[in-house]
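Worksheet for the structure shown next.
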Amino acid sequence: MQTDFFGTLEDKKLILDFIFSETDYLVFDHYSEFGEELKQYFSTSEILEKFDLENGKQNAVTFGLWNPLDQTKNIVRKVILDPKYCNGYTFRYTSEGWGIQRLYFGGIQNGFLNSSQFMGFNEKGAIAKDSIHPDHEQEAHRLDWQLIRSDQRKLKNYIEKKLGAEKHTRGIILKNANQLITHYEVKI
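In structure tokens form, the structure reads like this:
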């Protein structure tokens, strides 16, 4: 499941507000900073204090979304780093698992609005890949896929149907982004 969209800072705030108020998702960094623990976020304002959601390249800010009721285990994994290439750091963490959804926010760069994405595995894809990824404990067949699909649809429908203003070949243009594009303030 994947939804590509173009959104401004205001659109992204609406998405985050929806996640925190209308879903059971817990929100984590996709990857931690080098040498640090993975951070969980509890509000839109906390995310806005840490990240620039307006500017940046594609996938400038990335999150892992997880509903703890889906039965995914071990969503946090330590990644070993080579200190020669990472300023002396030897580890970082990532949020991962078949039930983890990804939210990638793109920003404005050089007058262009980069796309954003909401994506996650479906049951068939996760089970097929589970057998070739032993580090995931082969748990895909144990997850509550009905819950995962329901969560995915809820956020996907909010992005596409509530916030979407126009369809483009590269994704849904959200309402606030559409105003900027219409007034020639940004391009996609």
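If you read the sequence shown in my numbering, its first letter stands for residue 1, the second for the next number, and so on.
By construction, the Cβ of each residue, glycine as well, lies at the ideal position given by its N, Cα and C atoms.
Proximal residues to residue i (C-beta, below 7 Å), its chain only, five neighbours per side dropped
i: F105; result: K12, L53, A60, V61 and S116
i: D17; result: T44
i: G171; result: D4, F5, F6 and S115
i: A165; result: I173, L174, K175 and N178
First through last residue of the beta strand (DSSP E) which encompasses residue i
i: Q117; result: S116 to M119
i: F51; result: Element bounds for F51: n/a, residue is neither H nor E.
i: G171; result: G171 to L174
Nonlocal neighbours in the same chain, by C-beta distance under 8 Å from residue i, ignoring five residues either side
i: L189; result: No answer is possible for residue 189: the residues shown for the chain start at 1 and end at 188.
i: Q138; result: D130 and S131
i: H168; result: F6 and I188
Closest residue to residue i among the options (Cα-Cα distance)
i: Y93; options: T23, F63 and L16; result: F63
i: I108; options: I188, S21 and A140; result: I188
i: N87; options: E166, F34, E46 and R102; result: F34
i: F118; options: R153, K50 and A177; result: R153
i: Q101; options: W145, K78, E10 and K167; result: W145
i: A140; options: Y158, D70 and I159; result: D70
i: V79; options: F51, E10, H183 and H30; result: H30
9 Å Cβ cutoff met for residue i and residue j
i: N67; j: Y41; result: no
i: T72; j: L143; result: yes
i: F20; j: S95; result: no
i: T23; j: L81; result: no
i: I148; j: G99; result: yes
i: L48; j: L163; result: no
Nonlocal neighbours in the same chain, by C-beta distance under 6 Å from residue i, ignoring five residues either side
i: S32; result: L38, R92 and Y93
i: M1; result: G120, N122 and Q152
i: Y158; result: F18
i: G97; result: T72 and I75
Element boundaries [alpha helix (DSSP H), containing residue i]
i: S95; result: Counting along the chain, S95 falls outside any alpha helix (DSSP H), though it belongs to the beta strand (DSSP E) covering F91 to S95.
i: F18; result: L9 to E22
i: R102; result: Element bounds for R102: not the alpha helix (DSSP H) but the beta strand (DSSP E), Q101 to F105.
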